[in-house]
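2 protein chains.
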Amino acid sequence: MGNLHITIQVPPALYIKNPDTSALGRKIIKGAIELIDRLGFENFTFKKLGEYIKVPESSIYRYFKNKHLLLFYLINWYWNWLDYKVYLSTINIENPDKKLENILNLVLGDIDEDRVFSHINEKALSKIIPSESVKVFYNKQIEEEKKQGFFEGYKSLIKRISGVILEINPAYPFPQLLSTTILEGINRERYYDEHLPSLIDKTTDQPLIDFYKHLIFNSLKQTK
Amino acid sequence: MGNLHITIQVPPALYIKNPDTSALGRKIIKGAIELIDRLGFENFTFKKLGEYIKVPESSIYRYFKNKHLLLFYLINWYWNWLDYKVYLSTINIENPDKKLENILNLVLGDIDEDRVFSHINEKALSKIIPSESVKVFYNKQIEEEKKQGFFEGYKSLIKRISGVILEINPAYPFPQLLSTTILEGINRERYYDEHLPSLIDKTTDQPLIDFYKHLIFNSLKQTK
DNA sequence: ACAAATATAATAGTAATACTCCTATTTACC
DNA sequence: GGTAAATAGGAGTATTACTATTATATTTGT
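Chains L and P are the protein sequences, given in the same order. Going by our numbering, the first sequence opens with residue 3, and the numbers climb by one from there. Going by our numbering, the second sequence opens with residue 3, and the numbers climb by one from there.
This is how it looks when you write it as structure tokens:
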């Protein structure tokens, strides 16, 4: 990709000072991803992060109001990044079936680092997504956060996948429900695969991929 | 149902003293469900619960080690209760399609209070399930909690639904994946319906019911 | 009916969390 | 080289998440 200058944008209300504009900010993001991965979000604190990256706790507060918004920043960045990757993987392709296949390979496959994007290691980030991303949804501040546009990236991603689904079958009535089922389902099953493996059917070599392909194929072909 | 004496059992390691054995315990459970509903689990504390039900904070600690285990108690009770309801709704029925329909009506319909079960208001409890139940899954203690059997109720529920799916189509390769997709999906979409309604397709009168019926029907009929 | 056991109330205390605020020092920039 | 901005470093506060203790009820067995 050479020297493309592309930055993933997140709603500015997520941060106090944009972490991708300074070395300290980038250090905070990198350290936060690693430490959330190690400790889990519940046990992660700004104090521990400060010790981990050898930065005063108070300096972290100059970038993020609290740990919830730091997590939301990361998740939002991920949604926007994935939205962009989905966009790239479907552009210039005629066949909508092929588009959907590319999307599935993206979300079901391993994420490999693409170092186009500045300060975030996508591979490390994608490790914490299955377990931590739900935590930005289910809380009482959601109505406030909606007003500030914190879910626009997620909606855009869902609508992009829905668009491809409708290209395959314009009569299919539930493109968004199917898209969220796939995206969130993959996160959940990835987590189960690690922690509740008895709940993953082992009838094929790649049950997750096969399950979702089977689900999508049969849902979309039938109503045609 | 008259005077059946049935109690839903949860793993004893979830509590210090069984809350359904005393008036105070039942008061704690009732108050906890209400307060978690109002505040959300993150803002819920034992101190606030104590003030709410006019009981010293320290007395609550004699029943539950911490608020996470109190939530887990509630969620576990819900899984076991739902497992029992699913069992009841399929017993003595010959036709597996009809069994699955009954299960779907159970998990997709409104929960109405059935006062067979002692100390828990199922209707109130089911209000907090969509937003709070995920919070017992995604944390670093899961491996410890698995060892203590905290997920056995959930597994039993999934396996019961899977069993019916296999009755309908013994060749279907992903009965458990489909069961979790339905159960967890319904929780998610219920929450979205309230907080992110633009992500729910409005192409039919009852999109959630229709989506899941469509999904299941097409997944199960195809492979036959 | 009474003693013994158990449960609850009421209060105090502690370490950690989630911040805010202030000042000294360093770094960046014109 | 001077000024503004950023960071380091630390102090301080309210809340959270507990533990511990003692006094007072309440229940239970005989």
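Heads up, the beta-carbon is just placed ideally off N, CA and C, and yes, glycines get one too.
query, result
"So with CB distances below 9 angstroms, who are the chain P contacts of L/Y54?", "The premise fails here: L/Y54 is roughly 16 angstroms from chain P at the closest Cβ pair, so nothing lies under 9 angstroms."
"Can you list, in chain order, the residues of its chain with a C-beta nearer than 8 angstroms to that of L/Y194? Leave out the 5 residues immediately preceding and following it.", "L201, I202"
"Is P/K226 close to chain L? Criterion is C-beta to C-beta, closer than 8 angstroms.", "Unreliable placement is indicated for P/K226, whose pLDDT of 42 sits below 50; no coordinate value is reported for it."
"Does DSSP put L/A173 in a helix, in a strand, or in coil?", "coil"
"Measuring CB atoms only, is the segment 124-137 of chain P touching the segment 33-44 of chain P, in the sense that at least three cross pairs come out at less than 8 angstroms?", "yes"
"Determine the direct distance from the alpha carbon of L/A173 to that of P/N220, and round the result to whole angstroms.", "15 angstroms"
"Any idea if L/Q178 is buried or exposed, counting beta-carbon neighbours within 10 angstroms, 16 or more meaning buried?", "buried"
"If I follow the unbroken alpha helix (DSSP H) through L/P58, where does it start and stop?", "Per DSSP, L/P58 belongs to no alpha helix (DSSP H) and is neither H nor E."
"In chain order, what residues of the same chain lie with their CB nearer than 7 angstroms to the CB of L/I170, ignoring the 5 residues before and after it?", "P98, D99, L102, L222"
"Under 8 angstroms, with one C-beta from each stretch per pair, do the segment 81-95 of chain L and the segment 52-71 of chain L reach the 3-pair mark?", "no"
"Whole angstroms are fine: how far does the CA of L/R190 sit from the CA of P/V138?", "13 angstroms"
"Hey, is L/S221's beta-carbon within less than 8 angstroms of any beta-carbon in chain P?", "yes"
"State the start and end residues of the unbroken alpha helix (DSSP H) segment that holds P/T92.", "69-92"
"Are the C-beta atoms of L/T47 and some chain P residue less than 8 angstroms apart?", "no"
"Which residue comes first and which comes last in the alpha helix (DSSP H) that contains L/P199?", "No alpha helix (DSSP H) contains L/P199, which DSSP labels as neither H nor E."
"Note down, in chain order, each residue of its chain lying with its Cβ closer than 8 angstroms to the Cβ of L/W79, except the 5 sequence neighbours on either side.", "I10, V12, I122, L127"
"Beta-carbon of L/N141 versus every beta-carbon of chain P: anything under 8 angstroms?", "yes"
"Checking 8 angstroms against the spacing of the C-beta atoms, do P/E124 and P/W81 come in under that value?", "no"
"Would a check of beta-carbon distances place P/R192 closer than 8 angstroms to chain L?", "no"
"What are the residues in the segment 25-48 of chain P lying within 8 angstroms of chain L by C-beta distance?", "L41, G42, E44, N45"
"Which of the residues in the segment 198-217 of chain L, read from start to end, lie with their CB under 9 angstroms from any CB of chain P?", "L198, S200, L201, I202, D203, T205, T206, P209, L210, D212, F213, Y214, H216, L217"
"Verify the CB distance criterion: does P/F152 have a CB-CB separation below 8 angstroms to chain L?", "no"
"Would you call the segment 154-163 of chain L and the segment 61-71 of chain L in contact, with 3 or more CB pairs under 8 angstroms?", "no"
"If the cut-off is 8 angstroms on Cβ atoms, which residues from the segment 172-192 of chain L count as contacting chain P, listed in chain order?", "P175, F176, P177, Q178, L179, L180, T182, T183, E186, G187, R190, E191"
"Return no unless some Cβ of chain L is closer than 8 angstroms to the Cβ of P/I144.", "yes"
"Just how far apart, CA to CA, sit L/I95 and L/I77?", "28 angstroms"
"Near L/D114, which residues of its chain fall below 7 angstroms by C-beta distance, leaving aside the five closest residues on each side in sequence?", "K125"
"Which complete alpha helix (DSSP H) runs does the segment 145-191 of chain P hold, if anything under 4 residues is left out?", "154-170"
"Would the beta-carbon of L/F66 fall within 8 angstroms of that of L/Y140?", "no"
"Buried or exposed for L/E145, going by 16 or more other Cβ atoms inside 10 Å?", "exposed"
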